[in-house]
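Note sheet for the following structure.
Chains as they are written, first to last, in the numbering used here: chain X, 1 to 274; chain Y, 1001 to 1313.
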């Protein structure tokens, strides 16, 4: 009995050490967002900032580049999410119910998700340049379809697969047409899956950096690009960088905690039903 | 609104139903529904890729010769024969994939076993462990810049306090920088791998383990002969997803080292970015992105083939 207690204690020790290792960097940045410049460069490092709880850096960055960046990220990510769902959900249903194109087509869609962004970034840059679309919201909204449409198709397909077909078949027997069976039954039952897909697709757009770096300059600047610019700037104000970093990760961390059950499923495109 | 009866009788409209369930004939409706994503993907990926392939046979220097010049396969010959910097970048990307995915898998499996043993609190621990996976890689990189700073960063302070007299200059030292990038990836993704593996461990048949343990099998034997084979499909999926992702490593390099010191942390993606957005050699950048695509397609095809066997149930 006591050996078991010791084992459990050791297991918990491992968990606590692991949690510390994986969370301390986030906490450190959180503390940095309150630090005065002199505290950041202080040696030995200052753990607890004097001005903890004062949101000066937050309001400074929000009134500067950070506010615009958050707005741009929100616009791009929302518009892209809506489009990805409109395009992806019907295809997900079709793959799930009719196996259109068999496994080959479905895996082709999955393989698009695996495409390195730099491979599509180069032609998209040249094309958008020709069409005078560089540095616009549309450039990113369209470019992000490359990874979010395949994601939505695979993720939502998994939810349709889990739904029993009986209800739709019964509706067909009752004289409904296929479109009615889709919108009236399958779509409604899949709402939790579709909402989860929307949140995760939003997150993928929100976090994306490489395509944003290629396709935008000064008019449209998403949060990751703004952060990278701040780091590369002449005067690096760490408190503000910390603040914008925290503002950038708050929505995604909230998602992680809220969607816990679906995060693994989402990040594996529905392959692992955690 | 459609009225939904409690039980489907299935007699009334049998032929129509068979078509609905059937695999052979896809109704027109099925094709129409499949169209949106296929059309969009053709437009946003296939068309640009074809465009890019065409451009890879041209010399396009946006800076000094804006008029493209047809050069045949010379970009590819140059990349393959005369550009050691590109191949070093490829080597680094493959090194990150090989070492990173292995470390994440081993640590993830170990952590999953521990998580599986604790009862209460597992859900909270799992939720917290998933936090790094959700953070933007650029934000991870900013944490890295602060934590690995060799003058005022907290890591080297802790190391000095624990008796390491000369802790490394993580990001400024050629010999450490690439592994520091690797460390950022391991930090971000090990917990995610652990949570996947935990999901796998939870589905294992407990009674088989008990029987084997009664027969005197050691814990290591149980792991080798039962756990690993049973988790294999899951491991292959994880390796595939992680390998594709690590190969793209770019954000952390851009923010943490800018490819340096020297070219010590230039990955394939980063070098392609340099050729495109810094040197404006878009024809050449298109060619080397195609070489990368060919290499990872081969790796992915092998992995996906195995994955399909695992999934085809």
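The C-beta atom is built at its ideal place from N, Cα and C for all residues, glycine as well.
Residue 219 (chain X) is classed as exposed because its beta carbon has fewer than 16 other beta carbons within 10 Å across all chains shown. In the three-state DSSP reduction, residue 76 (chain X) falls in the helix class (H, G or I). Per the Cβ contact rule, the segment 1099 to 1109 of chain Y is not in contact with the segment 1210 to 1218 of chain Y (fewer than 3 Cβ pairs under 8 Å). By the neighbour-count definition (other C-beta atoms within 10 Å, threshold 16), residue 177 (chain X) is an exposed residue. Within the segment 1230 to 1269 of chain Y, no complete beta strand (DSSP E) segment of 3 residues or longer occurs. Against residue 114 (chain X), the close residues of chain Y are 1244, 1300, in the order they occur along the chain (beta-carbon pairs closer than 7 Å). Exclusion of the five residues before and after residue 196 (chain X) leaves 259, 262, 266 as the residues of its chain whose Cβ lies within less than 7 Å of its Cβ.
Distance from the CA atom of residue 1093 (chain Y) to the CA atom of residue 179 (chain X), rounded to whole angstroms, is 47 Å. Excluding its 5 nearest sequence neighbours in each direction, residue 51 (chain X) has C-beta neighbours in its own chain below 7 Å: 34, 36, listed in chain order.
Residue burial is scored here from C-beta neighbours: residue 1151 (chain Y) has fewer than 16 other C-beta atoms within 10 angstroms and is therefore classed as exposed. Judged by beta-carbon spacing, residue 123 (chain X) lies beyond the 8 Å limit of residue 1248 (chain Y), meaning their Cβ atoms are not closer than that value. Looking from the CA of residue 1097 (chain Y), the closest CA among Y:1256, Y:1241, Y:1222, Y:1234 belongs to Y:1241. Around the beta carbon of residue 1081 (chain Y), a 10 Å sphere encloses fewer than 16 other beta carbons of the protein chains shown; the residue is thus reported as exposed. Residue burial annotation: residue 1058 (chain Y) is buried, with at least 16 other C-beta atoms found within 10 angstroms of its C-beta. Taking C-beta atoms as the reference points, residue 140 (chain X) and residue 212 (chain X) count as a pair closer than 8 Å. Rounded to whole angstroms, the Cβ separation of residue 151 (chain X) and residue 201 (chain X) is 6 Å, and the two are in contact under 8 Å. Using a Cβ-Cβ distance cut-off of 8 Å, the segment 87 to 102 of chain X and the segment 1032 to 1040 of chain Y are in contact, since at least three pairs of beta carbons, one from each stretch, lie closer than that value.
Under the three-state reduction of DSSP output, residue 1168 (chain Y) falls in the coil class, being neither helix nor strand. Exposed is the label assigned to residue 7 (chain X), since fewer than 16 other Cβ atoms lie within 10 Å of its Cβ.
Contact between the segment 6 to 23 of chain X and the segment 230 to 246 of chain X is absent, with fewer than three C-beta pairs closer than 8 Å. With distances taken between CA atoms, residue 114 (chain X) lies nearest to X:147 out of X:209, X:97, X:147.
A buried status is given to residue 1185 (chain Y), since no fewer than 16 other beta-carbon atoms sit within 10 Å of its beta-carbon. With a threshold of 8 Å between beta carbons, residue 1170 (chain Y) makes no contact with chain X. Straight-line spacing of the CA atoms in residue 168 (chain X) and residue 1203 (chain Y) works out to 31 Å. C-alpha of residue 1028 (chain Y) to C-alpha of residue 1230 (chain Y): approximately 40 Å in a straight line.
The segment 1171 to 1178 of chain Y makes contact with the segment 1250 to 1270 of chain Y: 3 or more CB pairs, one atom from each, lie closer than 8 Å. Below the 9 Å Cβ cutoff, chain X contributes no neighbours of residue 1228 (chain Y), its closest Cβ being approximately 17 Å away. Residue-level contact check: residue 228 (chain X) touches chain Y, since one or more beta carbons of chain Y fall below 8 Å from its beta carbon. Per DSSP, residue 1074 (chain Y) is one residue of the alpha helix (DSSP H) stretching across 1074 to 1082. Using a CB distance cut-off of 8 Å, residue 1293 (chain Y) counts as an interface residue toward chain X.
When the five nearest sequence neighbours on each side are left out, the beta carbons in the same chain lying within less than 8 Å of the beta carbon of residue 1132 (chain Y) are those of 1140, 1187, 1188, 1189, 1191, 1192, in order along the chain. By the criterion of a C-beta distance shorter than 6 Å, residue 245 (chain X) is surrounded in its chain by 29, once the five residues flanking it on both sides are discounted.
For residue 1167 (chain Y), no Cβ of chain X is located within less than 8 Å of the residue's own Cβ. What residue 49 (chain X) touches in chain Y, judged by beta-carbon distance under 9 Å, is nothing: the nearest beta carbon there is about 13 Å away. Our two residues, residue 156 (chain X) and residue 204 (chain X), have alpha carbons roughly 16 Å apart in a direct line. Secondary structure note for residue 1059 (chain Y): it is in no alpha helix (DSSP H), and the uninterrupted beta strand (DSSP E) holding it is 1058 to 1061.
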